[in-house]
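If you read the sequence shown in the UniProt record's numbering, its first letter stands for residue 1, the second for the next number, and so on.
Since the structure comes first, as structure tokens, the remarks are kept for the end.
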Amino acid sequence: MPLAWFLSKRDDFDRAKSLIDEILGFRKKKDCAFRKIDDMNDDDGTTNLEPNLVTYTTLISAYCKQHGLSEALSLYEEMISDGFLPDVVTYSSIINGLCKRGMLTEAKALLREMDKMGVNPNHVVYAILVDSLFKAGSAWESFIYQSQMIVCGVSFDLVVCTTLIDGLFKAGKSDEAEAMFCTLAKLNCIPNNITYTAMIDGYCKLGDMDGAESLLRDMEKKQVVPNVVTYSSIINGYTKKGMLDVAVRIMKKMLDQNIMPNAYIYATLIDGHLKAGKQDAAVDLYNEMKLNGLEENSFIVDAFINNLKRGRKMEEAEGLCKYMMSKGLLLDRVNYTSLMDGFFKTGRESAAFTMAEKMAETESVYSGIRELGLAPDRATYNTMINAYCKQGKLENAIKLWNEMKGHSVMPNSITCNILVGGLSKAGETERAIDVLNEMLLWGICPNVTIHRALLNACSKCERADTILQMHKRLVGMGLKANREVYNSLITVLCGLGMTKRATLVLNNMTKEGISADTVTYNALIHGHFKSSHIEKALATYTQMLNEGVSPGIRTYNLLLGGLLAAGLMSKAYEILSKMKDSGLDPDASLYNTLISGHGKIGNKKEAIKFYCEMVTKGLVPKTSTYNVLIEDFAKVGKMDQARELLNEMQVRRVPPNSSTYDILICGWCNLSKQPELDRISKKTYRTEARTLFAEMNEKGFVPCENTLACISSTFARPGMVVDAKHMLKDMYKRKQS
1 MPLAWFLSKR DDFDRAKSLI DEILGFRKKK DCAFRKIDDM NDDDGTTNLE
51 PNLVTYTTLI SAYCKQHGLS EALSLYEEMI SDGFLPDVVT YSSIINGLCK
101 RGMLTEAKAL LREMDKMGVN PNHVVYAILV DSLFKAGSAW ESFIYQSQMI
151 VCGVSFDLVV CTTLIDGLFK AGKSDEAEAM FCTLAKLNCI PNNITYTAMI
201 DGYCKLGDMD GAESLLRDME KKQVVPNVVT YSSIINGYTK KGMLDVAVRI
251 MKKMLDQNIM PNAYIYATLI DGHLKAGKQD AAVDLYNEMK LNGLEENSFI
301 VDAFINNLKR GRKMEEAEGL CKYMMSKGLL LDRVNYTSLM DGFFKTGRES
351 AAFTMAEKMA ETESVYSGIR ELGLAPDRAT YNTMINAYCK QGKLENAIKL
401 WNEMKGHSVM PNSITCNILV GGLSKAGETE RAIDVLNEML LWGICPNVTI
451 HRALLNACSK CERADTILQM HKRLVGMGLK ANREVYNSLI TVLCGLGMTK
501 RATLVLNNMT KEGISADTVT YNALIHGHFK SSHIEKALAT YTQMLNEGVS
551 PGIRTYNLLL GGLLAAGLMS KAYEILSKMK DSGLDPDASL YNTLISGHGK
601 IGNKKEAIKF YCEMVTKGLV PKTSTYNVLI EDFAKVGKMD QARELLNEMQ
651 VRRVPPNSST YDILICGWCN LSKQPELDRI SKKTYRTEAR TLFAEMNEKG
701 FVPCENTLAC ISSTFARPGM VVDAKHMLKD MYKRKQS
């Protein structure tokens with residue numbers, strides 16, 4: 001069958017199929033005489049052409065490559081019925097085809113069948129399965145097959161090792177990936193650019209750009225030439241860290257080495273610049289890409305859609321999509337999903353469905369996408385289910401959950417997290433458990449996200465036994481009780497001030513050989529302060545240090561917040577000094593705590609000191625911090641300084657809230673009531689209060705009762721009572737007119 005093999009290798013599939021059809025007689029019954037091969041017949045009219053193992057394997061391989069999996073499986077069954085035993089090449093072709101279609105259960109079944117047929121799988125078969133399982137998120141199954149390879153004596157070649165390195169990084173096992181890379185020399189495997197790229201990509205996804213650059217230098221030293229994928233990983237890594245200048249420099253380095261960036265690299269850079277608010281630079285990159293002869297792809301379209309979505313410019317996003325489609329670019333699922341998500345977030349639920357309904361042939365809101373050959377995938381369904389859950393429309397979310405299963409799109413752990421989270425938030429824990437039971441049938445066990453959601457739901461009843469019972473129930477359903485799970489349980493209990501129960505959980509955790517970490521101790525410190533057990537909170541901090549667990553900014557935030565609230569200034573400064581000695585600098589959240597803590601106890605001088613220190617470092621206070629400072633000035637009648645802080649908020653783009661306006665309005669009103677004031681000053685202060693009152697109304701904030709009382713008493717005249725609520729109504733009427 002050399003001719004058929006040659007044609008299929010050249011992707012001349014139709015001609016190869018035609019030739020094999022003639023040999024096998026596929027167009028008629030199997031027992032039909034071979035025809036149209038007269039030039040290959042012997043003189044006596046008999047044919048020497050009969051299908052053999054190579055014939056079947058060649059065609060099966062070709063069908064699998066051309067997405068003809070059902071035809072390949074039919075041929076597989078037929079070759080066995082014809083008495084031909086498939087070899088390892090036949091099996092590897094079909095297993096590869098099954099894995100590419102996401103049919104991992106069938107692929108694993110076929111591997112078991114190999115054993116029954118007496119065919120030993122080779123490293124290629126294992127590499128295909130291991131890689132596919134890693135990509136599907138089934139890391140533990142990948143490790144099982146890795147162990148099976150060792151038991152069966154299958155040698156690890158470079159392909160298998162590279163697959164394992166890539167998978168280990170994806171499974172979050174970077175140490176094991178590095179160990180595998182170091183083992184290559186012992187296996188006499190010289191890493192190639194694909195192996196290096198797997199390592200570099202892993203480092204980049206961890207944010208370890210120094211490690212990635214070190215490997216790149218090692219490649220250059222060993223004369224292993226990086227490819228476009230290598231540079232793509234590094235550029236993506238720097239872009240995600242916001243180091244756009246470095247990312248662009250790496251792209252220029254590519255060009256110096258005559259490696260042309262592809263559309264995906266440009267898409268990454270364009271997306272990064274758009275997220276950083278650098279629209280002009282993004283457009284320049286887009287124009288550069290076009291000059292280099294590269295066409296737009298769905299990734300670039302999605303970058304622009306997401307940028308417009310962030311700006312709530314959904315009409316422009318929709319217009320962009322129509323323009324791209326008019327140029328012949330077919331949008332993919334991600335683009336449609338982004339658009340739907342944008343419509344939901346801007347409150348245009350009907351537009352999200354109308355987009356699909358315009359093209360619909362059936363009642364399903366997704367049929368229009370199917371008509372374009374873009375059947376909704378998990379991401380599409382997950383987006384819609386998530387939108388419904390956020391809106392509290394759980395029946396609609398359940399309906400979509402059932403629809404996706406009906407369309408053979410199986411929910412994954414993300415779907416489960418979304419739906420269980422939505423049901424838990426609504427207090428429907430039993431329905432959430434029903435969803436979990438269904439997921440168990442598909443081999444998906446509860447994870448820490450689901451655990452946290454259900455525990456938070458149970459915490460509403462403020463009963464420790466209910467929370468602990470739910471924890472045990474989830475562990476019984478296959479939840480792995482690791483440190484993260486225990487931390488969630490301890491955090492929920494401490495959030496309710498149930499520190500005794502939380503301490504018992506910690507004891508059980510340590511008995512199981514799981515040590516406490518910063519998150520554990522932070523939860524306990526928070527719980528003790530919540531219960532006003534200050535000594536226990538400090539004792540927990542001491543225990544943390546004794547156990548060799550390093551406190552983080554969050555730890556010091558909790559300690560300082562609790563101590564300042566209790567008025568223990570000297571102890572707070574002692575803790576702050578220890579923090580600085582450990583090499584930690586206060587971040588924005590810690591400064592907010594310090595400023596708020598000092599402000600609430602009337603220590604205005606210290607609050608202002610920390611505020612100045614904060615802004616000098618380029619950190620931006622949050623709204624509540626500004627409110628504390630504004631209130632400090634308002635209490636002593638320094639309203640000009642308070643007003644200046646409001647102006648500064650606007651410059652720094654920190655949005656004021658209703659409390660900000662309540663404080664300022666009451667401050668101006670109280671200042672205007674001072675008896676020694678002259679008439680002009682009183683009028684000026686009242687004008688300030690009225691202006692802020694109108695501004696507050698304009699922004700949709702509702703004044704508190706104290707503010708309404710201040711306004712009423714300030715603008716009342718002898719013999720006349722001013723109703724602030726009527727003032728609000730008058731303002732609203734003028735606004736409407």
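Idealized CB from N, CA, C, for every residue including glycine.
A quick note: this is a predicted structure, and the numbers were derived from the prediction, not measured.
Taking L291 as reference, the option from K65, M260, T197 with the minimal CA-CA separation is M260. DSSP, reduced to helix, strand and coil, places E77 within a helical segment of the structure shown.
Straight-line measurement puts the Cα of N236 at about 6 Å from the Cα of T268. In the DSSP annotation of this structure, the continuous segment of the alpha helix (DSSP H) that includes C416 starts and ends at 413-425. For N557, the number of other beta carbons within 10 angstroms of its own is at least 16, and it is reported as buried.
For M117, there is no enclosing alpha helix (DSSP H), as DSSP marks it with neither H nor E. In this structure, DSSP gives Q650 a helical state, which the three-state scheme calls helix. Collapsing the DSSP output to three states places D210 in a helix. The continuous stretches of alpha helix (DSSP H) do not include G567, and DSSP gives it neither H nor E. If you ignore the 5 residues before and after I305, its C-beta comes within less than 8 Å of the C-beta of A317, L320, C321, N335, S338, L339, G342, all in its own chain and listed in chain order. Under the criterion of beta carbons closer than 8 Å, L590 and L560 qualify as touching, at roughly 7 Å.
Excluding its 5 nearest sequence neighbours in each direction, Y486 has C-beta neighbours in its own chain below 7 Å: V505, M509, I514, listed in chain order. If you compare the alpha carbons of G97, K345, I300 with that of K313, the shortest gap goes to K345. Contact annotation: V88 and V119 have beta-carbon atoms nearer than 8 Å.
Pairing K252 with D201, the inter-Cα distance amounts to about 19 Å. The Cβ atoms of L400 and I385 lie closer than 8 Å to each other.
For L496, the CB contacts under 7 Å within the same chain, skipping 5 residues up- and downstream, are S459, E462 in chain order. The C-beta distance from L468 to S424 rounds to 17 Å, too long to meet the 8 Å contact threshold. C-alpha of H123 to C-alpha of L158: approximately 10 Å in a straight line.
Taking a contact as a CB-CB distance under 8 Å, the pair T555 and A523 does not count as one, their CB atoms being some 11 Å apart. In the assembly as shown, A185 is an exposed residue. Its beta-carbon has fewer than 16 other beta-carbons within 10 Å. Excluding the 5 residues flanking it on each side, V225 has same chain C-beta neighbours closer than 7 Å at N193, in chain order. The straight-line gap separating the alpha-carbon atoms of R348 and K275 is approximately 23 Å. Its chain contains E316, A317 as the residues whose beta carbon lies nearer than 6 Å to that of L308, once the 5 sequence neighbours on both sides are disregarded; these appear in chain order.
Around the beta carbon of R112, fewer than 16 other beta carbons lie within 10 angstroms, which makes this residue exposed. At the C-beta level, T625 and S658 stay beyond 8 Å of one another.
Excluding the 5 residues flanking it on each side, M149 has same chain C-beta neighbours closer than 6 Å at Y126, in chain order.
Residue burial is scored here from C-beta neighbours: P703 has at least 16 other C-beta atoms within 10 angstroms and is therefore classed as buried. For the 8 Å CB-CB criterion, I95 and L110 form a contact. For S582, there is no enclosing alpha helix (DSSP H), as DSSP gives it neither H nor E.
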